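To start, the structure itself, in structure tokens.
2 protein chains.
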Amino acid sequence: MKTMHKEHPLTKNQQIIFDLIDKSPEPMKAYSILFNVQKKGIKAPLQVYRALDKLVEIGKIHKIESRNAFIACHNSSCQVANATAFSICEVCEKVTEISSVGLSKYLANFKDKDGMKYSKYNLEFFGLCKKCR
Amino acid sequence: MKTMHKEHPLTKNQQIIFDLIDKSPEPMKAYSILFNVQKKGIKAPLQVYRALDKLVEIGKIHKIESRNAFIACHNSSCQVANATAFSICEVCEKVTEISSVGLSKYLANFKDKDGMKYSKYNLEFFGLCKKCR
DNA sequence: TTACATGGTGTTATATTATAACAATTTAAA
DNA sequence: TTTAAATTGTTATAATATAACACCATGTAA
Chain A
1 MKTMHKEHPL TKNQQIIFDL IDKSPEPMKA YSILFNVQKK GIKAPLQVYR ALDKLVEIGK
61 IHKIESRNAF IACHNSSCQV ANATAFSICE VCEKVTEISS VGLSKYLANF KDKDGMKYSK
121 YNLEFFGLCK KCR
Chain E
134 MKTMHKEHPL TKNQQIIFDL IDKSPEPMKA YSILFNVQKK GIKAPLQVYR ALDKLVEIGK
194 IHKIESRNAF IACHNSSCQV ANATAFSICE VCEKVTEISS VGLSKYLANF KDKDGMKYSK
254 YNLEFFGLCK KCR
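Chains as they are written, first to last, in the working numbering: chain A, 1 to 133; chain E, 134 to 266.
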């Protein structure tokens, strides 16, 4: 067996916000999330950001740093929470999580000149998606 | 001969801001830049952001997306403006630009399942630097 | 030369993204 | 069952970034 993951169930706010992001076909921004969950009683930015922080921490969602937006993890979750790669279309802004064994192996084993080894990485590719090409 | 780059000289604001970033041992944030150049007559955020945008565009500086901070390019500049990789220490926040031929070749040639080819990427590694280990 | 296109500047105002601080409550464990 | 840890709700505010508009400098074409 590889890694053990205690499956903490999500709290109410976390679940509401995860469900919303998970259903979304595109990355969602924090204040758009806030707007969408206000009817469910989540009224303040902090409530959103706290849930987002937690969801990122446990690997259920990822932050697309270049877009300040959040997307649900589609790589069988937690295992890759610390090793993320995305493709981003610069025209339509479609974002796709990349799952390539080759890529993740390569990056996980990458050592720089100082022999520094990394516990985590985030890679964002930019280009044109099929549709926009 | 490989690629031709017309060397547009920097404008006054661009030069002031580039010099500041270039001298800085660590990535600088926009409002810290603003504070530091106010004595030179740059008074508004927009003046800073405009210069930053341009400097990023021409490859003189890079944005560290996960930190919202800017660092001067140390990879003989423009060639790699669209292919950036950094190592970030999660304790002391030291950021170093990675120049690895292997890595950049690997990423430049990476194709995902859809055969999508990318014009650009940004990679951020996280870990502990020598000092902090 | 004139005109006109392009890119840069200066300015005010505002939008967007994110956190501080504090009190109350829930949950999980010891 | 009391204690520690995490979560919540709330108000206020910090930090990051852009919109809109008027003006100016420079290069190019008529």
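Just so it is clear, CB atoms sit at the ideal spot from N, CA and C, and this is done for glycine as well. Since the structure is predicted, the reported quantities are computational estimates derived from the model, not experimental observations.
Check the Cβ-Cβ distances between E/Lys173 and every residue of chain A, and say whether any is below 8 Å.
Residue mapping note: residue 173 of chain E aligns to position 40 of the second sequence, counting from 1. No, because no Cβ of chain A sits closer than 8 Å to the Cβ of E/Lys173.
Tell me, please, whether the segment 24 to 33 of chain A touches the segment 62 to 69 of chain A by the rule of three or more beta-carbon pairs shorter than 8 Å.
Verdict: yes, contact present.
Mind pulling the chain A residues with CB within less than 7 Å of E/Ser252?
As a position in the second sequence, residue 252 of chain E is number 119, starting the count at 1. Those within 7 Å of E/Ser252 in chain A are Phe126, Gly127.
Which ranges would you report for the beta strand (DSSP E) in the segment 158 to 216 of chain E if only whole runs of at least 3 residues count?
Correct list: 194 to 197, 202 to 205.
When you compare the CB of A/Ala106 with every CB in chain E, is at least one pair closer than 8 Å?
Position 106 of the first sequence, counted from the first residue, corresponds to residue 106 of chain A. With the sequence shown as reference, residue 106 of chain A is identified as Tyr, and Ala is not the correct amino acid for it. Yes, A/Tyr106 counts as interfacial toward chain E.
Taking only beta carbons into account, state which residues of the segment 193 to 205 of chain E come closer than 8 Å to chain A, listed in chain order.
Going along the segment 193 to 205 of chain E in chain order, one finds Glu198, Ser199 with a Cβ nearer than 8 Å to chain A.
For the segment 145 to 163 of chain E, enumerate the residues whose C-beta is nearer than 7 Å to any C-beta of chain A, in chain order.
Under the 7 Å Cβ criterion, the segment 145 to 163 of chain E contributes no residue.
With 8 Å as the threshold, decide whether the Cβ of E/Asp186 is near any Cβ in chain A.
Position 53 of the second sequence holds residue 186 of chain E. Cβ-Cβ to chain A under 8 Å: no for E/Asp186.
Closer than 7 Å, Cβ to Cβ, to anything on chain A: give me those residues from the segment 220 to 249 of chain E, in chain order.
The residues in question are Ser220, Ile231, Ser233, Leu236, Tyr239, Phe243, Asp245, Asp247, Met249.
Determine, for E/Asn208, whether the minimum Cβ-Cβ distance to residues of chain A falls below 8 Å.
Against the second sequence, residue 208 of chain E aligns to sequence position 75. Output row for E/Asn208: interface = no.
State yes or no: is the beta carbon of A/Lys43 nearer than 8 Å to at least one beta carbon in chain E?
For the purposes of this step, residue 43 of chain A is taken as residue 43 along the first sequence, with counting starting at 1. Chain E contact via Cβ: absent.
What three-state label does DSSP hand A/Val91 in the structure shown?
Position 91 of the first sequence, counted from the start, is the residue given in the question as residue 91 of chain A. Coil, per DSSP.
Assuming E/Ser226 and E/His207 make a contact with CB atoms under 8 Å, what is their CB distance in whole Å?
To locate residue 226 of chain E, count along the second sequence from 1; it is residue 93. To locate residue 207 of chain E, count along the second sequence from 1; it is residue 74. With the sequence shown as reference, residue 226 of chain E is identified as Glu, and Ser is not the correct amino acid for it. Not a contact, Cβ separation roughly 17 Å.
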